[in-house]
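Here the structure is laid out as structure tokens; the discussion comes afterwards.
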Amino acid sequence: MMRDILHNLGVGVFGLSPGLVSLLDSIGLNYREVIVEESALYSYSIYIVHRPLNRQEQHWLETQQHSGNKLAVLFTSESSIQPANIPVQNRYCRSVHSPDLLNGPLSHLCMIDCYAKVNFYGGKQDIHGICFVDKKNSQAFEQSIYLGIPIEAAFYQFSYTRKVFPSPTGHQPNELVSRSHIGHLQHLVRYALEQLFYSVDLPYLTKWRFPTAKPIITLRIDSDFGTQESLRTLYGLANEYSAILTTFLHVKAHEDWLDWFAQWSNHEHALHGYEHAHISSSYPLYQDVENGYQAMADAGMTPKGYAAPYGIWSLQLSKVLDTYPFSYSSEFTHGYDGLPYWSPKSLPNSNDAFNKRLQIPVHPICTGSLHRYQATESHFIAYFKRYMDIQHGLQQPLMLYHHPLQPGFASIEFILKYAQELGLQWLSYSDWCAFWTQRATEQCNIYYHRPSRQLHSKIKPSLFYELKQDTRDFAIIKPNDWDSQKVFPMNTLTLRKIHCETMADEKFLQNRFSNKWRLLKETIIQNRNRIRL
0 MMRDILHNLG VGVFGLSPGL VSLLDSIGLN YREVIVEESA LYSYSIYIVH
50 RPLNRQEQHW LETQQHSGNK LAVLFTSESS IQPANIPVQN RYCRSVHSPD
100 LLNGPLSHLC MIDCYAKVNF YGGKQDIHGI CFVDKKNSQA FEQSIYLGIP
150 IEAAFYQFSY TRKVFPSPTG HQPNELVSRS HIGHLQHLVR YALEQLFYSV
200 DLPYLTKWRF PTAKPIITLR IDSDFGTQES LRTLYGLANE YSAILTTFLH
250 VKAHEDWLDW FAQWSNHEHA LHGYEHAHIS SSYPLYQDVE NGYQAMADAG
300 MTPKGYAAPY GIWSLQLSKV LDTYPFSYSS EFTHGYDGLP YWSPKSLPNS
350 NDAFNKRLQI PVHPICTGSL HRYQATESHF IAYFKRYMDI QHGLQQPLML
400 YHHPLQPGFA SIEFILKYAQ ELGLQWLSYS DWCAFWTQRA TEQCNIYYHR
450 PSRQLHSKIK PSLFYELKQD TRDFAIIKPN DWDSQKVFPM NTLTLRKIHC
500 ETMADEKFLQ NRFSNKWRLL KETIIQNRNR IRL
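Take a look at the structure:
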């Protein structure tokens, strides 16, 4: 009789707090908060415990396993639940390195930035210590995973630091970015949940990350003091390759010819501030955004998004942006190298848990970052080719940025040409944001029938879905693949390989934090050059 059960391919959650909601929305997994009194509504095999459980909840969870249904559970550090008879070390950790993963299918997990107090389980100091797998544990679940990195802190930590980035050319550029790495956390939690689904013989199903089967690419242009000539060259090149640029305008630099941008209507124009300056006080910051916003609106380009000068996000900036209808912002001191995510408000106890803006991470290394360390045009091309190959292999978005007055025109042309060869889909930031908003609103309950290997949906999905049965392969399910009964037979799947690689190598992991004086010198130089108001 149990073999005929339809298994819900979502997760039940104890403690659905803002950071976890943002994380699950980015991952694309269907979820629901568990209320024990409504337990008859659930048919989940996977649960996330994200807060301490009371006795009733703990008893209920254990009885689900004894009822004959295989269960697997992810215990986050916020749950305060620890594995029995396993040593736990709690200490501050900047980054967890796992060099043994470098050449395997989990190479993208070889480096997890934390910058927080972390639980290490079982005496291990690598990914196996912060993502501890407990099979057939004392609680009798099929499998439990204990996550040692705090999730909520990553979304409420507003500090940033200068980090070194690996490079195939050996230049090791650096940039000022957020300490915590939400992109790494997205990868880690996705990996943990995948393992739990596989442990109970279920496929792993999530909403696909893109509007079509093709991965997307974006190219952000920060117009910083750019001239008409430099910008015309970039727009002309983009049009030649049918690429779409999103230009964040330094309005004051273009104020006398702001209406010139209207002729490039196939590209998006967003706000980079009136002045190109770091402004820490609230009222001058509001004046700057207001001046830039109104000037763009008067020129017929009402901006939908904002990117802070120097990539510096702040609580004051967030509050100012709240007063405008921006649908997204993009600051790499808040997030970088990851999937877009919704930013919780500044305080965990805020009545309005989420602001209306999507945070769109970007890869923070541009030609200028490389040029500071004597990299040449050929080095630029080698760097960006490697980045594009890695992102495409992982089926992750390619999100690059450039400044019109910086060197590297040939490398930008290479990016556009190579994107065409890879068959990538170009999106503006506003279109990327619109898709991500649509994606977050679809909450389909999709079930798996094990004997027939069929998927059943309550409503017909309108999005593409990704289905995985192991870490190496994936398949895409299109909206029109479902039959009239909202059933999809898995025997029709076409599997594709995931190619996992990373720019990091063992030497980079060993020496990543060794050259602190070089980073300090760069920080001092950049700090001196920064315009302030």
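Per numbering that gives the first Met the number 0, the sequence shown starts with residue 0, numbered consecutively. No residue lacks a Cβ here, since even glycine has one placed at the ideal position from N, Cα and C. Model, not experiment: these values are computed from the prediction.
Boundaries (first-last residue) of the alpha helix (DSSP H) holding residue i
| i | result |
| --- | --- |
| Met-295 | 281 to 297 |
| Glu-36 | Run containing Glu-36: none; DSSP gives neither H nor E here. |
| Asp-133 | Unbroken run through Asp-133 is the beta strand (DSSP E), 130 to 134; no alpha helix (DSSP H). |
| Arg-438 | 428 to 440 |
| Arg-517 | 515 to 528 |
| Ala-152 | 151 to 155 |
CB of residue i within 8 Å of CB of residue j, strictly
| i | j | result |
| --- | --- | --- |
| Tyr-372 | Val-176 | no |
| Lys-303 | Ser-429 | yes |
| Lys-416 | Tyr-240 | yes |
| Ile-80 | Leu-192 | no |
| Asp-125 | Val-95 | yes |
| Pro-167 | Met-398 | no |
| Trp-341 | Leu-320 | no |
| His-268 | Pro-308 | no |
| Val-542 | Gly-18 | What the structure shows of the chain is the stretch from 0 to 532, and residue 542 is not part of that stretch, so it cannot be assessed. |
| Leu-204 | Leu-466 | yes |
| Ser-16 | Glu-151 | yes |
Host beta strand (DSSP E) of residue i (start-end)
| i | result |
| --- | --- |
| Met-398 | 397 to 401 |
| His-6 | 5 to 7 |
| Trp-341 | 340 to 343 |
| Ala-269 | 267 to 270 |
| Arg-231 | Careful: Arg-231 lies outside any beta strand (DSSP E), inside the alpha helix (DSSP H) at 227 to 239. |
| His-455 | 453 to 456 |
| Val-361 | No beta strand (DSSP E) holds Val-361; DSSP gives it neither H nor E. |
| Ser-174 | It should be pointed out that residue 174 corresponds to Glu in this sequence rather than to Ser. Element bounds for Glu-174: 173 to 177. |
| Asn-29 | Element bounds for Asn-29: n/a, residue is neither H nor E. |
Beta-carbon contacts of residue i that lie in its chain and below 6 Å, excluding the five residues immediately before and after
| i | result |
| --- | --- |
| Cys-533 | No information on residue 533 is available, as it lies outside the stretch 0 to 532 that the chain covers here. |
| Ala-153 | Ser-179, Ile-181 and Leu-184 |
| His-333 | Ser-177, Trp-312 and Gln-358 |
| Leu-535 | For residue 535 there is no data in the structure shown, the boundaries of the chain being 0 and 532. |
| Gly-407 | Thr-366 and Phe-379 |
Close Cβ partners of residue i (< 7 Å) along its chain, the five nearest in sequence each way excluded
| i | result |
| --- | --- |
| Gly-9 | Leu-28, Asn-29, Tyr-30, Arg-31, Tyr-43 and Asn-444 |
| Val-35 | Gln-55, Glu-56 and Trp-59 |
| Tyr-159 | Leu-175, Val-176, Ser-177, Arg-178 and Thr-332 |
| Trp-516 | none |
Simplified DSSP assignment, three categories, for residue i
| i | result |
| --- | --- |
| Asn-348 | Bear in mind that a pLDDT of 42 at Asn-348, under 50, signals an unreliable position, so the number given afterwards is only what the model happens to contain. Three-state DSSP puts Asn-348 in coil, outside helix and strand. |
| Leu-462 | coil |
| Thr-62 | helix |
| Val-188 | helix |
| Gly-310 | helix |
| Asn-102 | coil |
| Ser-79 | coil |
| Lys-416 | helix |
| Arg-54 | helix |
| Thr-168 | coil |
| Pro-488 | strand |
| Ser-42 | coil |
CB contact below 8 Å: residue i versus chain D
| i | result |
| --- | --- |
| Ala-296 | The displayed structure is made up of one protein chain only, and chain D is not part of it. |
Same chain, Cβ closer than 8 Å to residue i, five either side skipped, listed in chain order
| i | result |
| --- | --- |
| Thr-211 | Gln-424 and Phe-463 |
| Gln-227 | Trp-256 and Trp-259 |
Count Cβ pairs between the region 523 to 530 and the region 494 to 509 that sit closer than 8 Å; are there 3 or more?
no
Counting pairs of Cβ atoms below 8 Å between the region 195 to 210 and the region 383 to 403, do you hit three or more?
yes
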